[in-house]
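Notes follow the structure.
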Amino acid sequence: MYIDGVFSGGGVKGIALAGAYEVLEEKGFRFKRVAGTSAGAIIAAFIASGYTSKEIHALIKEVDGEKLLDQRYSFLPLKMLQWVSIYWRLGLYKGDTLEKWIADLLRAKGIRVFGDLQKGSLRLIASDLTNGTMIVLPDDLVRYGLNPDMFPVARAVRMSCSIPYFFEPIKLKTDKGTATVVDGGVLSNFPIWLFSKERKRPVIGVTLAPRERERPKKNIRNAFELFGALFETMKDAHDARHIASRYEQNIIFLPVDDVMATDFHLTQQKKLALIELGKRRTEQFLKQWTY
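Right under this line is the structure:
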């Protein structure tokens with residue numbers, strides 16, 4: 001059965017998305033169109049490029065998360081170097097290594113630019129801070145004077161994955177100027193709304209967040225907790241009304257509480273635990289899902 005799929009952001013927590021994909025594939029579901037933000041952009045790109053769940057599982061097992069983080073060489077002490085990187089470069093890590101890893105894997109399936117994919121099969125979300133707007137990739141690239149079909153898929157994934165302050169923002173240079181682009185999760189971490197106007201088949205969403213009624217209340221006791229709560233609220237508010245409406249029955253919720261989004265040092269045991277969480281929750285979802 002053909003379906004469309006939407007995958008949420010969540011950084012390293014996104015490993016759980018692979019477990020959900022594995023069960024959906026085993027049950028005979030095939031994705032016609034996929035969309036995603038941040039970590040969801042990675043798995044969406046792999047699915048659109050023809051990777052099976054077993055292949056993605058093997059990639060997760062093989063990859064050393066630490067090696068996806070670019071090394072910086074400097075005479076400065078580590079802590080000082082981190083602050084300098086954030087202040088001047090706007091991120092601890094460049095993101096080049098992550099982009100190359102993605103590009104190499106897509107190239108193995110014959111995919112380099114969006115024109116190599118079936119038209120409309122992949123959409124990714126990024127945030128344009130310069131112009132204060134959301135970018136749906138590749139559709140919105142025409143606004144920047146760029147040819148969507150010739151834009152590298154790996155570069156688009158990196159744009160969607162550029163976690164503020166962790167990875168350097170992408171400088172999207174065009175004839176109309178330069179736009180500073182960061183993680184799509186800033187404006188829409190779970191773009192379940194993306195296929196609503198052109199719904200041709202069932203849409204299943206997979207999010208790394210809990211249901212709204214199950215969200216723990218935030219304790220705000222200092223400025224850091226206030227900033228964290230403010231950012232989380234801004235990040236989730238855009239999508240919340242869609243999740244709380246008619247879409248909820250089509251969403252697989254994979255709440256991951258014990259892993260940080262930027263923890264690239266996960267053990268094999270933890271990776272497998274996240275995949276198992278995704279599988280277990282998806283099996284539970286399919287037992288009651290009607291379409």
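Using the numbering used here, read the sequence shown as starting at 1 and increasing by one per residue. C-beta atoms are modelled at their ideal positions from N, C-alpha and C, and glycine is treated no differently.
Span separating the alpha-carbon of residue i from that of residue j
i: residue 9; j: residue 175; result: 30 Å
i: residue 114; j: residue 221; result: 46 Å
i: residue 187; j: residue 181; result: 12 Å
i: residue 74; j: residue 282; result: A caution first: residue 74 carries a pLDDT of 45, below 50, which makes its placement in the model unreliable, though a value can still be read off. For residue 74 and residue 282, the distance between alpha carbons rounds to 46 Å.
i: residue 49; j: residue 102; result: 11 Å
i: residue 123; j: residue 189; result: 13 Å
i: residue 202; j: residue 289; result: 11 Å
i: residue 14; j: residue 40; result: 7 Å
i: residue 173; j: residue 130; result: 12 Å
i: residue 145; j: residue 156; result: 15 Å
i: residue 134; j: residue 207; result: 19 Å
i: residue 54; j: residue 258; result: 25 Å
i: residue 106; j: residue 219; result: 42 Å
i: residue 254; j: residue 184; result: 19 Å
i: residue 70; j: residue 287; result: 43 Å
i: residue 301; j: residue 209; result: Summary: the structure shown does not reach residue 301, with the chain confined to residues 1 through 291, and so no result is reported for it.
i: residue 149; j: residue 143; result: 14 Å
i: residue 205; j: residue 94; result: 30 Å
i: residue 136; j: residue 269; result: 35 Å
i: residue 273; j: residue 132; result: 38 Å
i: residue 152; j: residue 179; result: 17 Å
i: residue 147; j: residue 104; result: 22 Å
Cβ distance (whole Å) where residue i is taken to contact residue j below 8 Å
i: residue 16; j: residue 277; result: 5 Å
i: residue 251; j: residue 192; result: 7 Å
i: residue 56; j: residue 2; result: That pair is no contact at about 19 Å.
i: residue 265; j: residue 66; result: 6 Å
i: residue 18; j: residue 47; result: Going by Cβ atoms, the distance from residue 18 to residue 47 rounds to 10 Å, so no, they are not a contact pair.
i: residue 92; j: residue 165; result: 7 Å
i: residue 23; j: residue 261; result: About 23 Å; that fails the 8 Å criterion.
i: residue 37; j: residue 125; result: 4 Å
Local Cβ density within 10 Å of residue i, reported as buried at 16 or more and exposed below that
i: residue 168; result: buried
i: residue 127; result: buried
i: residue 6; result: buried
i: residue 28; result: exposed
i: residue 26; result: exposed
i: residue 158; result: buried
i: residue 87; result: Residue confidence for residue 87 is low, a pLDDT of 42 falling below 50, so the modelled location carries little weight; the figure read from the coordinates is stated next. The residue is exposed, with fewer than 16 neighbouring Cβ atoms inside 10 Å.
i: residue 77; result: Below a pLDDT of 50, predicted positions are generally treated as unreliable, and residue 77, at 43, falls in that range; no measurement from the model is reported.
i: residue 58; result: exposed
i: residue 108; result: exposed
i: residue 226; result: exposed
i: residue 200; result: exposed
i: residue 4; result: buried
i: residue 52; result: exposed
i: residue 275; result: buried
i: residue 267; result: exposed
i: residue 177; result: exposed
i: residue 279; result: buried
i: residue 271; result: buried
i: residue 79; result: Summary for residue 79: the model assigns pLDDT 49, below 50, so the residue's position carries little reliability, and this model does not support an answer.
i: residue 284; result: exposed
Near the ligand NAP: residue i beta-carbon under 8 Å from a heavy atom
i: residue 51; result: Because no ligand of any kind appears in the structure shown, any question about the ligand NAP cannot be addressed here.
Chain D within 9 Å of residue i, Cβ atoms only
i: residue 133; result: Structure shown: chain D not included; a single protein chain is present.
*Where are the beta strand (DSSP E) runs, 3 residues long or more, that stay fully inside the region 170-207, in chain order?*
170-174, 177-183, 203-207
_Secondary structure, beta strand (DSSP E): runs of 3+ residues fully inside the region 7-40_ = 30-37
*What runs of the beta strand (DSSP E), each 3 residues or longer, lie entirely inside the region 112-168?*
122-128, 133-137, 165-167
*Any chance the region 32-44 sits against the region 193-203, with 3 or more Cβ pairs inside 8 Å?*
yes
*Taking only runs of the beta strand (DSSP E) that begin and end inside the region 239-285, which ones reach a length of at least 3 residues, in chain order?*
251-253
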